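Have a look at the structure below, then the notes.
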Amino acid sequence: MDETAAASASASAVEAGDGNGDGDGSETRGGDDADPDSDPVVSGEGVRKSYGEVVALDGVDVRVESGEVFGLIGPNGAGKTTLVRALTGTTEADGDLRVFGAPPRAVDSQRIGLLPQSFDPPERLTATELVAYYGGLYDAARDTDSVLRDVGMADDANAWYETLSGGQKRRTCVATAIVNDPDLLFLDEPTTGIDPAGRRALHRLIERLAGDGTTVFLTSHAMDEVERLADRVALLRDGAVVAVGPPAELIAEHGGEPRLEVVVDGPAGDEPVERVGGAMSRDFAVEPTADGLRILGVRPESIGDAVDALDAGGIAFESLAWSEPSLEDVYLRLTGEAYSPRTGTGGIADRAGEDAQDGGDR
Ligand SMILES: Nc1ncnc2c1ncn2[C@@H]1O[C@H](COP(=O)(O)OP(=O)(O)OP(=O)(O)O)[C@@H](O)[C@H]1O
1 MDETAAASAS ASAVEAGDGN GDGDGSETRG GDDADPDSDP VVSGEGVRKS YGEVVALDGV
61 DVRVESGEVF GLIGPNGAGK TTLVRALTGT TEADGDLRVF GAPPRAVDSQ RIGLLPQSFD
121 PPERLTATEL VAYYGGLYDA ARDTDSVLRD VGMADDANAW YETLSGGQKR RTCVATAIVN
181 DPDLLFLDEP TTGIDPAGRR ALHRLIERLA GDGTTVFLTS HAMDEVERLA DRVALLRDGA
241 VVAVGPPAEL IAEHGGEPRL EVVVDGPAGD EPVERVGGAM SRDFAVEPTA DGLRILGVRP
301 ESIGDAVDAL DAGGIAFESL AWSEPSLEDV YLRLTGEAYS PRTGTGGIAD RAGEDAQDGG
361 DR
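The sequence shown begins at 1 in the UniProt record's numbering and counts up one residue at a time.
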């Protein structure tokens with residue numbers, strides 16, 4: 001069954017159930033006002049799922065509070081979509097899964113919005129017809145035009161789905177996920193294929209929905225997007241959560257050092273790295289990049305020392321760019337995809353390795 005059919009099947013299965021799913025509709029909305037002792041909107045304990053020999057989820061624990069934007073990140077094949085499918089009842093999984101306190105398939109579908117990762121709606125429908133069709137699945141749906149305006153599709157509302165660009169198709173699919181004004185919205189890679197302006201518009205929409213109290217469960221490979229939007233982030237690796245927390249905390253714990261990126265005027269490689277490493281008077285580490293090198297541990301006040309080391313090492317450079325660590329660094333470190341510095345005195349390589357190892361306990 002493809003994702004579209006699965007999503008519809010889930011909606012049908014839910015509608016065929018008792019409809020109240022133990023959720024009494026009294027959950028509070030709004031992250032700031034959320035009571036930390038109240039029941040989570042989403043909870044999973046020891047969630048496991050295998051496809052034959054492939055273990056997609058290997059004992060995942062997850063908890064999402066009312067009004068949160070919860071980000072789920074991880075490499076291809078880590079299990080993100082499988083977790084979304086388990087929590088939306090579009091696939092069976094072992095473990096204790098609860099959404100609004102009920103098993104996923106018993107939750108009132110009116111309360112859940114789902115944008116699956118792959119979504120192939122009928123092509124010979126206009127965007128308006130498609131959103132109206134999905135709206136028709138619910139007792140109370142939003143006005144189609146206003147939903148299409150929300151996703152920036154008002155101007156192309158009467159174009160056939162098959163004639164839309166990839167980004168316009170994705171926006172239309174987002175519209176189908178919010179047409180029921182859900183309390184809990186699952187967005188599985190919502191901005192894939194959407195251009196920068198469209199991404200920004202979608203970010204603003206997610207922020208607005210969250211501001212109005214919608215709980216959002218977001219998976220994405222765009223780390224800037226997750227860092228901006230998510231109140232908390234979980235990093236999934238090989239079917240297990242290896243780190244979870246607010247982006248700022250994860251960055252502080254795992255993001256590494258602020259760094260100076262140096263584009264060298266001449267060949268990159270080990271030689272400039274070794275020359276700079278040898279000229280260091282401070283506890284900086286140096287690692288190679290495609291077009292130069294990166295000096296780790298450089299704070300704004302010590303940029304001058306780093307430049308002195310470049311000069312002392314005889315390195316001519318085209319540009320310097322200083323940056324703080326980001327969620328992308330957390331991702332690269334905890335998935336083991338970060339560069340390891342080869343020279344320098346800071347011992348960053350060891351610390352990165354420890355982080356990646358320790359991550360399994362968090
Ligand atoms: N229907 C399926 N049948 C067999 N194996 C599957 C199926 N769905 C997922 N898998 C496998 O389960 C593992 C987790 O896949 P999943 O799609 O959940 O990962 P993901 O983190 O969402 O990846 P991506 O970032 O590429 O979307 C992968 O090894 C994948 O090949």
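Note that CB positions come from ideal geometry on N, CA and C, so glycine has one too. These figures come from a predicted structure and were not determined experimentally.
Pairwise C-alpha distance: residue j and residue i
i	j	result
G314	G255	30 Å
K169	D150	14 Å
D108	L209	19 Å
T289	V273	9 Å
A78	A279	41 Å
P267	F317	11 Å
L185	Y161	23 Å
I206	V216	8 Å
Y138	Q110	6 Å
S26	G213	Its pLDDT being 36, under 50, S26 is placed unreliably by the model, and the measurement read from it follows with that caveat. Distance between the alpha carbons of S26 and G213 is about 13 Å.
G95	A252	32 Å
L334	D145	43 Å
E92	G44	13 Å
D39	D183	15 Å
S66	E287	42 Å
D156	C173	14 Å
S50	T82	10 Å
G359	A243	Confidence is the limiting factor: at G359 the pLDDT is only 36, short of 50, which leaves the residue's position unreliable, though a coordinate-based value still follows. For G359 and A243, the distance between alpha carbons rounds to 6 Å.
G152	H203	12 Å
D231	N180	24 Å
V262	T163	45 Å
A154	P325	38 Å
V264	E337	24 Å
S165	A222	20 Å
A349	D120	Residue confidence is low: A349 scores 31 on pLDDT, short of 50, so the model does not pin down where it sits. Its coordinate-derived value is still stated next. A349 and D120: Cα-Cα distance of roughly 44 Å.
F100	P116	20 Å
A102	Y133	27 Å
Beta-bridge partners of residue i, as assigned by DSSP
i	result
F284	For F284, which the question treats as bridged, DSSP gives no partner whatsoever.
residue 366	No answer is possible for residue 366: the residues shown for the chain start at 1 and end at 362.
G245	V233
L320	V262
L72	T219, A234
G46	G46 is not bridged to any residue.
R63	S43
D58	R48
Assumed close pair residue i, residue j - CB separation to whole angstroms, cut-off 8 Å
i	j	result
V276	L296	Wrong, their Cβ atoms sit about 12 Å apart, outside the cutoff.
L87	L97	6 Å
V69	L229	5 Å
A56	L114	Rounded, the Cβ-Cβ distance is 18 Å, inconsistent with contact.
G135	A141	3 Å
V307	P258	The pair is not a contact, with the Cβ atoms about 15 Å apart (cut-off 8 Å).
D238	T219	At roughly 16 Å, the Cβ-Cβ gap does not stay under 8 Å, so D238 and T219 are not in contact.
V241	A234	5 Å
I303	L260	6 Å
V84	R63	Actually they are not in contact, since the Cβ atoms of V84 and R63 sit about 15 Å apart, beyond 8 Å.
L250	V330	5 Å
G245	G198	Their Cβ separation, rounded to whole angstroms, is 29 Å, which puts G245 and G198 out of contact at 8 Å.
G89	P75	Contact doesn't hold; Cβ gap of about 25 Å is too wide.
Segment limits, beta strand (DSSP E) that includes residue i
i	result
E53	Element bounds for E53: n/a, residue is neither H nor E.
is_contact[residue i, chain B] using C-beta, thresh 8 Å
i	result
L327	Considering every chain present, this structure includes no chain B. It has just one protein chain.
Run of the alpha helix (DSSP H) containing residue i, from where it starts to where it stops
i	result
P267	Here P267 belongs to no alpha helix (DSSP H), and DSSP marks it neither H nor E.
S146	144 to 150
D308	303 to 312
R299	That residue, R299, is in no alpha helix (DSSP H); it is neither H nor E in DSSP.
V330	327 to 334
4 or more residues per run - each alpha helix (DSSP H) lying fully within the region 84 to 139 = Counting only runs of 4+ residues, the alpha helix (DSSP H) found wholly inside the region 84 to 139 occupies 127 to 135, in chain order.
Which runs of the beta strand (DSSP E) fall wholly inside the region 168 to 242 and span at least 3 residues, in chain order?
-> You should have 184 to 188, 215 to 219, 232 to 237.
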